[in-house]
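When we follow UniProt numbering, the leftmost residue of the sequence shown carries the number 1, and every step to the right adds one. Ideal Cβ placement from N, Cα and C applies to all residues, glycine included. One structure is given below, encoded as structure tokens.
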Amino acid sequence: MNLVNIWRISRGNFKTFMMIQRSSTAKSTMSKRQNGTSYTPGNKSHIFIYGGEGSSEDCRKHCYEALVKVVDSCYHPIKYISPEEIKEGSWTKTCCLIVFGGGYDLGFINALGSKGTLIIREFVRNGGSYLGFCAGAYWACDYIEFDKGGPLEVVGERFLKFYPGNCIGPAHPGFGYKHKKGVHAAPTSYKGIHFRSYLHGGGFFTLPRINKSCVPDYAKSTYEILGEFTSLDRDQAAFVKCSVGRGTAMLSAVHVEFPAALLDQENANLKQVIPLLLKSEEARDFVFRDILLQVRVRLKPP
């Protein structure tokens, strides 16, 4: 059975998943009490970028370079993290933010499994922050529909569930894993700022339709739409901020972490896109910085 079929599961399995999570959380809390320790977000400063299966090499490289450029490195060491390190769990002692960028979320699922997913979910619920771009945003939703009915179809429930709604994509056509033909300079807005952003397969976030009496955990979930795609038939959410327990998850369908200057100027599929993105570079930089502020990261002065 392939990964797509494995993860096309019914929402009924969420109850089982939550029972496992609550058991894991209870054991973790008991262990902390026994050891006389407590979670203190102010003492955690590392930023970790996921670099394992499912992570695009270009995406993680651009993300790293973009973070180094704007983040106060005196306060926030920035490092890559592997699936094995995530599942081992000690990273949560020093981490303030974990970042998942572009790629394919079935790779995240295969590499991390339920154990890694639960550790990340508990990290955020206990006061940590999560930042997801593109694939990292899909993975953090309740349910995804990617290229439904098409050759690249991936449809199914996801278990981080930071955003209690669906992510449906690609928001614009033409996506391919091995080429840039589907890259768009997508018209977007963020807190009233209109600009063009790099879109390559990202989806839009739909409003949740949840029976909270069946899934009581969602009764404690809140979210805020911070920006939208402005070129679709109707405005669809492109940026959402989610409050998860004591933590925060910020999800972006587009790659605002990609400075236009870092893109491949020689790629024929990007030649028409790059000039449009360059015109929005000042706005993109502002939006990227503001997103980092949403997840409580200290920045260098502009």
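For S129 and R296, the rounded distance between their alpha carbons: 8 Å
Could you tell me how far apart the beta carbons of N110 and Y143 are, in whole angstroms, since I believe they sit closer than 8 Å? That pair is no contact at about 19 Å.
Beta carbon of E145 nearer than 7 Å to that of I168: yes
Take Q265 and list the residues in its own chain whose beta-carbon comes closer than 6 Å to its own, dropping the five residues that flank it on each side. none
Is R196 closer than 7 Å to S280 when the C-beta atoms are compared? yes
Helix, strand or coil for Q236? Go by DSSP, reduced to three states. strand
Touch check for the segment 68-77 and the segment 116-125: three-plus C-beta pairs under 8 Å? no
Give, in chain order, every unbroken run of the alpha helix (DSSP H) that is at least 4 residues long and sits entirely within the segment 48-106. 57-70 and 83-88
7 Å Cβ cutoff met for I86 and C63: no
Out of P164, Y198 and G176, which one is the CA nearest neighbour of V240? P164
To which residues of the same chain is residue 361 closer than 7 Å at the C-beta, ignoring the five residues directly before and after it? The structure shown does not extend to residue 361, since the chain is modelled only from 1 through 302, so no value can be given for it.
Is the separation between the beta-carbon of A238 and that of V254 shorter than 7 Å? yes
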